[in-house]
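Undergrad:
Numbering (this note's numbering), first residue to last: 25 to 313.
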């Protein structure tokens, strides 16, 4: 997927144009970036006001090569993808990514369905038959079985992952989440966390303050790009400011919390994402962060 696309806004009032342009400019550090331009004929994507019939009609008549996404209440029978109002900016980015994603590769060719020739115990196979048949001599089957039996079993993983470099703060967060019955893995190195997220479909990823490369925001973006089901991502910080909260939201975080968040608020968050049940924890004294 390219790192940047051009976008033309068609049929929106000036206030919405300003809001969308500002949002895309702030989100430009998140690949792919979307750059707003005035000329729709050379744009990669047209965002069209679905509540403006003349704008929809103009785009249909122009038959431009750009892809089209509507924002409004009805698609006017066009069949174009649409985001309903009120617009949620972060999900809008995800929908735009889906529209601009390249088509899926063609399926692999169908395997040969011709049944293999049966061999008697006294038959001699030619080299070509030996390669193409599924029927292997007993000694070959035994050697394959011995090789497979020596493969190390996969390490079992939990349903949640905690990424925390601090030993003390990591233990506190691990204890807080495990009291809700979550089977949670703990990783202290961001590179290892990246590999674990790529190899295992976690339902929940909790990211404490992470220094180095990749940082916490990059890990959040990686987690949210997992297909087909991205995990719930919760980020923690010592203090929660408006700018940090906005950066976390642009990275795709479902929640950005202070480490001193109350148990009630944390439980409500987990219940909202079907990760905990009401009354499903024991009161615990965690001390001061």
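For every residue, glycine included, the Cβ atom is placed at its ideal position computed from N, Cα and C.
Spell out a yes or no on whether the segment 191 to 206 and the segment 235 to 255 are touching, meaning 3 or more CB-CB pairs, one atom from each, closer than 8 Å.
TA: no
Undergrad: Given residue 257, which residues of its chain have a CB within under 6 Å of its CB, disregarding the five upstream and five downstream residues?
TA: 229, 244, 247, 277 and 278
Undergrad: Around the Cβ of residue 200, are there at least 16 other Cβ atoms within 10 angstroms (buried) or fewer (exposed)?
TA: buried
Undergrad: If the criterion is Cβ atoms closer than 9 Å, does the pair residue 34 and residue 48 meet it?
TA: no
Undergrad: How many angstroms separate the CA atom of residue 101 from the CA atom of residue 83?
TA: Distance from the CA of residue 101 to the CA of residue 83, rounded to the nearest whole angstrom, comes to 13 Å.
Undergrad: In whole angstroms, what is the alpha-carbon distance linking residue 185 and residue 210?
TA: 6 Å
Undergrad: According to DSSP, simplified to helix, strand and coil, what is residue 178?
TA: Here residue 178 scores only 48 on pLDDT, less than 50, and its place in the model should not be relied on; the value that follows carries that caveat. Residue 178 falls in the coil class under three-state DSSP.
Undergrad: Using a Cβ distance threshold of 8 Å, determine whether the segment 92 to 107 contacts the segment 71 to 82, with at least three qualifying pairs required.
TA: The segment 92 to 107, when compared against the segment 71 to 82, does touch it at the 8 Å Cβ threshold.
Undergrad: Once DSSP output is grouped into helix, strand and coil, what is the label at residue 118?
TA: helix
Undergrad: Would you grab the beta carbon distance between residue 69 and residue 123 for me? Rounded to a whole angstrom, and I think it's under 8 Å.
TA: 7 Å
Undergrad: Taking DSSP as the reference, what is the three-state secondary structure of residue 111?
TA: coil
Undergrad: Please report the residue range of the beta strand (DSSP E) in which residue 96 lies.
TA: 91 to 96
Undergrad: So, at 8 Å on beta carbons, what are the nonlocal neighbours of residue 50 in its own chain, with the 5 sequence-adjacent residues on each side left out?
TA: Counting only Cβ-Cβ distances below 8 Å, and skipping sequence neighbours, we find 270 and 274.
Undergrad: To the nearest angstrom, how far is the alpha carbon of residue 249 from that of residue 214?
TA: 16 Å
Undergrad: Suppose you measure from the CA of residue 260 to the CA of residue 231; what does that come to, to the nearest Å?
TA: If you draw a straight line from the Cα of residue 260 to the Cα of residue 231, it comes to about 6 Å.
Undergrad: Comparing alpha-carbon positions, which option in 103, 114 and 110 lies nearest residue 57?
TA: Considering only alpha carbons, the answer is 114.
Undergrad: Residue 79: which of 37, 53 and 66 sits nearest, CA to CA?
TA: 37
Undergrad: Only counting the same chain, and skipping five residues up and downstream in sequence, which positions put a Cβ closer than 7 Å to that of residue 234?
TA: 187, 189, 214, 240 and 243
Undergrad: Run the CB neighbour count on residue 221, radius 10 Å, all protein chains shown included, and call it buried at 16 or more, exposed below.
TA: buried
Undergrad: Going by other Cβ atoms of all chains shown within 10 Å of its Cβ, with 16 needed for buried, is residue 93 buried or exposed?
TA: Under the 10 Å beta carbon count, residue 93 is surrounded by 16 or more other beta carbons and is classified as buried.
Undergrad: In the DSSP assignment, the alpha helix (DSSP H) including residue 290 goes from what residue to what residue?
TA: First-last of the alpha helix (DSSP H) with residue 290: 287 to 296.
Undergrad: Measuring alpha carbon to alpha carbon, tell me which of 195, 266, 29 and 42 ends up nearest residue 55.
TA: 29
Undergrad: Counting along the chain, where does the beta strand (DSSP E) carrying residue 263 start and finish?
TA: Counting along the chain, residue 263 falls outside any beta strand (DSSP E), and DSSP gives it neither H nor E.
Undergrad: For residue 251, is the classification buried or exposed, using 16 other Cβ atoms within 10 angstroms of its Cβ as the cut-off for buried?
TA: exposed
Undergrad: With distances taken Cα to Cα, identify the nearest neighbour of residue 105 among 112, 119 and 32.
TA: With distances taken between Cα atoms, residue 105 lies closest to 119.
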